[in-house]
Amino acid sequence: MITKLFKLLIPLLIYAFGRELIATVQMISFADLYQKIFLLALGGGFLLTSVFVKAHGYLAILSHELTHNTLGVLTFNKPVGLNVEANMGGVFMFQGKHNIMSVLSPYFFPLITVFIFPIYFILASSGAEVYFGLLGASLGFSLSIGMRQAHRHQPDFQVFGVTWSYLIILFFQILIFGLLISFVIGRMPMLVSFVKMSADHIIELYEILKALVMMGIDMLSN
């Protein structure tokens, strides 16, 4: 039921969060040292991973299966097996029900980046250059692997359907990039603002659609 509702809302969510992501990207300034480091590291991480890490090599498959595993645990499933073979593929076995996060997370969830993220609140401004460099590089690493592994014949995409899987992945990529870029630009206040503004876009679109429906009803009644 929740998955079906989420599917129905996906176009609206992509519109709202995508609109805010575009607005956020327009605020990026290379004059800011931390933003510059993050973006250069993001590009460098993506490029180096694409060149030196095979999409179906051991490291990429291990990252893929560990993401399945982690999100499986976080969504209250019980992992019972994990197998990784270079150039062959991997298998994540669990007890529980399939859900969007556990099935599709390797294509949008930057596992290493998520573990790095809270370090900022421990170190504060100490070592911030290194922190934002690692944040960007790890995001580039995950993005490169996720994009190259996301081909339509992936068994993961058969669970919810290929088209819906791509739409779900697109939304979460928009969400994650929006949150991280907002954080790099303005830390937590900017991150919270990204979510609030995206919610405002949803409400705004709802009000427009509601007004159009009411207008249509009035025209039919007259």
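The sequence shown lines up with residues 0 to 221 when you count with numbering that gives the first Met the number 0. Virtual Cβ for every residue (Gly too), placed ideally from N, Cα, C. Note that the structure is a prediction, hence the values are computed from the model and not measured.
Comparing C-alpha positions only, which one of the options sits nearest to residue i?
{"i": "S141", "options": "L20, L58, I13 and F5", "result": "L58"}
{"i": "E203", "options": "T2, L4, E19 and I1", "result": "E19"}
{"i": "L70", "options": "G44, S49 and H97", "result": "H97"}
{"i": "I144", "options": "I121, L47, F193 and I21", "result": "L47"}
{"i": "K195", "options": "A15, I173, F159 and Q153", "result": "A15"}
{"i": "L133", "options": "I118, P78 and I168", "result": "I118"}
{"i": "V161", "options": "I27, I99, G44 and I216", "result": "I99"}
{"i": "Q172", "options": "P188, D199, L138 and M189", "result": "L138"}
{"i": "V52", "options": "Q148, L211 and I115", "result": "Q148"}
{"i": "L12", "options": "D155, I216, L166 and P105", "result": "L166"}
{"i": "F176", "options": "T66, G17, D217 and K6", "result": "G17"}
{"i": "V113", "options": "D155, D199, V102 and A136", "result": "A136"}
Beta-carbon within less than 6 angstroms of residue i's beta-carbon, same chain only, minus the 5 sequence neighbours each way: which residues are those?
{"i": "V83", "result": "I60, L61, E64 and G89"}
{"i": "P78", "result": "N68, G71 and F93"}
So what's residue i in DSSP terms, helix, strand or just coil?
{"i": "G160", "result": "coil"}
{"i": "Q172", "result": "helix"}
{"i": "R151", "result": "coil"}
{"i": "S192", "result": "helix"}
{"i": "M214", "result": "helix"}
{"i": "A136", "result": "helix"}
{"i": "Q25", "result": "coil"}
Starting from the C-beta of residue i, find all residues in its chain whose C-beta is less than 8 angstroms away, skip the five residues before and the five after it, and write them out in chain order.
{"i": "L32", "result": "E128"}
Inset, instruction - Count the CB pairs spanning the stretch 30 to 47 and the stretch 172 to 188 that are closer than 8 angstroms, and state whether there are at least three. - result: Result yes; three or more Cβ-Cβ pairs closer than 8 angstroms.
Legend entry - beta strand (DSSP E) runs contained entirely in the stretch 48 to 132, provided each spans 3 or more residues: For the stretch 48 to 132, whole beta strand (DSSP E) runs of length 3 or above, ordered along the chain, are 77 to 84 and 88 to 94.
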